[in-house]
């Protein structure tokens, strides 16, 4: 075990044992001094700043290396921590970040999920089953049509209604008009049903508009937000999450982020990317492509995401794993068994297929998940 | 050719011709309505909003599909444009963005590189050879040591001295003290030599600190900046680039961005990622791993990056390609031939190996590139 003045990262490495050991050694240098080791005269830099191999083990058919770094290499900044974890090494094939153990001093500085699983349960008033989510789509519908759809979803008892991640500020449904109309529709339904359905407007936008939209959504009565930090940036997501003047649950969407996990041997693991990184940046819930749908994630990868969302990460709250994509009614019982109750099930198009009465379809979804 | 109301993206696709055609069809839906096509009643959505296959061709051993999208799917926002280009599809293996042709209306809104190649040449006063760059490192040196190194680089005629991307705000060289000391050292050398060496502080930081550091650097007399948007976010980079109160050339660094290009069949091409996306976000110069060093980019991939940086992209200025990583003196003649003069050659550790006199090594570098 490294000292408390060092943090650790577990990498998986392709190649023979000898090649893996060589890769681990290169990571220690690349991620810190990025300089010919034999030209470094300074003992402090050689002994403390350069990464240190703590162990190399077999890892399935590959090897894994646990490497420790001095806390001061990261300052007390998330961006620089991530830079030490994977900055230049992200460019090298055959090396994958499996797990991060950030310095305690950094974890204490970050706020992480503001609500987490228990906070979202409290807001929705649902404690004994997976939460249900659907998305307002398809792109191209008018504000009136989207608000009408939201009203039906809420009447049928969907717990969280999110904008499709493709709804931004297009002419067919301008952001401000959409948010006002949908908030109104969901409020109306909530009054009628007694449910506490949350609407999550998509605040992903250019530059400062992300912040403006979050504030507009809050002022319009939205009770949660969704953002794609692959587009708006992880730091902007974190600023939204940590902004007390906003203070709404934040749903993470993986748009434009797939490249980090698409290769089995390079990039970042499903556990670390969707479970750890998103929480470091304040995600209360994490939308990801479910296994068996039109995406290629395996059951094992999805289980890793769920673990990453829920497992201990310093004092940060656990986040709700949110599998979605190609979900249908017949799969709900197995998913409930697979993910347990502490999850949010996202059904989009699948909610339209069983019959033409959307409200009735939503009620069936609620019964199946109950 | 699609109409001027539509923009196009070229994707490369793995699989047989039939599989590639199926993938292209799926992209058209996934990137827009993300909804069962047969359940869409609205003719406008079916005919205009859903992506349209313009052509499918062979592409080496793969296929390429040119797909057009209605401009209104992207609003007039870069984030939503990128979402339509590759949002959810980034999660699917075997699909790669090869090239983007953004809507003219978006290109007109974006400012792109403020200086571009000719602007940086004017600032450095070097018109007839590749520009020379080196990095302040290794991490762990004190402010005094880094400033001493910068002084030597500048005396020796390095055109651009950048912070190593691993220098942030660590205890061994706090940001503000470092920037002040290095600016002073480079100014002193410039007065002695008559050269116009630019210092590029690394402004990559958490949240608003990126903006604070850019402003501090400007106020301290820095004449350029370097940022890793893989960490700080592309949108934050673009805001810095477009901020008239800053107005300094911006160097792009690829830290934490490697996962987008690490797979040959998934992610984004070297051309589109390093040459197009960086310019859309305002990069005046693009640092990337050179072929033949310790990274795995091929000559062909590096040539694509250089083309992407220089080729027409609406009215946006061309950017300087900046190959670096494992560069040594003996490779300079070939690199000069390969990249031509409109490039910036980054030599880090290699500048320390030829002899103990750093100033003399820099002078040799200048002669070799001249």
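Residue numbers (my numbering), protein chains in the order written: chain E, 2 to 371; chain X, 2 to 371. The beta-carbon is built from N, C-alpha and C at its ideal position, and this holds for glycine as well. Everything numeric in this text was worked out from a predicted model, so none of it was measured.
The contact set of residue 122(X) on chain E, defined by CB atoms closer than 9 Å, is empty, because the minimum CB distance reaches about 28 Å.
Taking 8 Å as the CB threshold, residue 336(X) stays off the interface with chain E. Shown in chain order are the members of the region 66-83 of chain X whose Cβ falls below 8 Å from a Cβ of chain E: 73, 74, 75, 76, 78, 79, 80, 81 and 83. In chain order, 35, 84, 88 and 89 make up the part of chain X whose C-beta sits under 9 Å from the C-beta of residue 166(E). When secondary structure is reduced to three states using DSSP, residue 59(X) falls in the strand class. Judged by DSSP secondary structure, residue 82(E) falls within the alpha helix (DSSP H) whose first and last residues are 79-87. Counting the other Cβ atoms within 10 Å of the Cβ of residue 261(X) gives 16 or more, which makes it buried. The three-state reading of DSSP puts residue 134(X) in strand, counting E and B together. Counting C-beta atoms within 10 angstroms of its own C-beta, residue 250(X) has 16 or more neighbours from the protein chains shown and is therefore classed as buried. Annotation: residue 68(X) to residue 83(X) spans about 14 Å, alpha carbon to alpha carbon.
Residue 324(E) sits in a strand when the DSSP states are folded into three classes.
Remark: C-beta atoms of residue 295(E) and residue 327(E) approach each other more closely than 8 Å. Runs of the beta strand (DSSP E) lying entirely within the region 113-185 of chain E, each at least 3 residues long, are 132-137 and 161-164 in chain order. When secondary structure is reduced to three states using DSSP, residue 269(E) falls in the strand class.
Within chain E, the residues placing a beta-carbon under 9 Å from that of residue 40(X) are 139, 350, 353 and 354, ordered along the chain. For the pair residue 186(E) and residue 143(E), the Cα-to-Cα distance works out to about 14 Å. DSSP, reduced to helix, strand and coil, places residue 249(E) outside both helices and strands of the structure shown, so it counts as coil.
In the DSSP annotation of this structure, residue 261(X) is not part of any alpha helix (DSSP H), being labelled neither H nor E. For residue 123(E) and residue 314(E), the gap between their C-alpha atoms comes out near 22 Å.
Residues of chain E whose Cβ lies closer than 8 Å to the Cβ of residue 283(X) do not exist; the shortest such Cβ separation is about 11 Å. Only buried fits residue 232(X), as 16 or more other CB atoms lie within 10 angstroms of its CB. C-alpha of residue 113(X) to C-alpha of residue 278(X): approximately 10 Å in a straight line. Close CB contacts of residue 126(E) within its chain, under the 6 Å cut and outside five residues either way in sequence, are with 197 (chain order).
At a cut-off of 8 Å, the C-beta of residue 15(E) has no neighbouring C-beta in chain X. A Cβ-Cβ separation of about 7 Å places residue 53(X) in contact with residue 29(X) under the 8 Å criterion. In the DSSP assignment, residue 102(X) falls within the unbroken beta strand (DSSP E) covering 96-102. Classified as buried, residue 72(E) has 16 or more neighbouring CB atoms from the shown chains inside 10 Å of its CB. For residue 41(E), there is no enclosing beta strand (DSSP E), as DSSP marks it with neither H nor E. When the alpha-carbon of residue 246(E) is set against those of 253(E), 218(E) and 236(E), the nearest one is in 218(E). Here residue 273(E) is near residue 98(E), since their CB atoms are less than 8 Å apart. Inside the region 270-300 of chain X, DSSP marks whole beta strand (DSSP E) runs of 3 or more residues at positions 286-290, from first to last along the chain.
In this structure the region 128-140 of chain E does not touch the region 101-115 of chain E; the number of beta carbon pairs closer than 8 Å is below three. In this structure, 171(X) is the residue among 213(X), 349(X), 362(X) and 171(X) with its C-alpha nearest to the C-alpha of residue 79(E).
For residue 282(X), the closest C-alpha among the options 365(X), 169(X), 244(X) and 259(X) is that of 244(X). Listed in chain order, the positions of the region 250-265 of chain X with a beta carbon within less than 9 Å of a beta carbon of chain E are 254, 255, 256, 257, 258, 259, 260, 261, 262, 263 and 264. The beta-carbon of residue 331(X) is placed no less than 8 Å from the nearest beta-carbon of chain E.
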